[in-house]
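This report concerns only the one structure given below.
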Amino acid sequence: MKNRLGRQALIAAALAGLSTAGATVAHADDTVNCYGVAKAGHNDCASKTGVHDCAGQAKVDHDKGDFKTMPKGNCLKLGGSPEK
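Letter by letter, the sequence shown follows residues -28 to -1, 1 to 56 in mature numbering (1 follows the signal peptide of the UniProt record, and there is no 0).
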């Protein structure tokens, strides 16, 4: 009995993961790298200007070389510049 419940939980978790992965792929085109909105230490990747080469290394808020990935419409609303 205990083994059956564990198997059902595992199957449910796998199915939930598959449905989430499908939703992410479907919405990938709706996101942009939005420059100039990242807070210090909260950027998503390397700086466009070459100041650093990794996520989380932004030194100042709203650096024009650092970005956060976000839905297209939010970038301009926050005063950022989408990657071109």
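Ideal Cβ positions, reconstructed from N, Cα and C, are used throughout, including at glycine.
For clarity, every value in this text was computed on a predicted model and none was experimentally measured.
- Less than 9 Å separates the beta-carbon of Ser19 from that of Asp38.
- DSSP, reduced to helix, strand and coil, places Asn46 within a helical segment of the structure shown.
- Secondary structure note for Thr3: its beta strand (DSSP E) is the uninterrupted segment Thr3 to Tyr7.
- Taking the Cα of Val4 as reference, the smallest distance to any Cα among Lys40, Leu50 and Lys49 is reached at Lys40.
- By the beta-carbon neighbour count (other beta carbons within 10 angstroms, threshold 16), Asp35 is buried.
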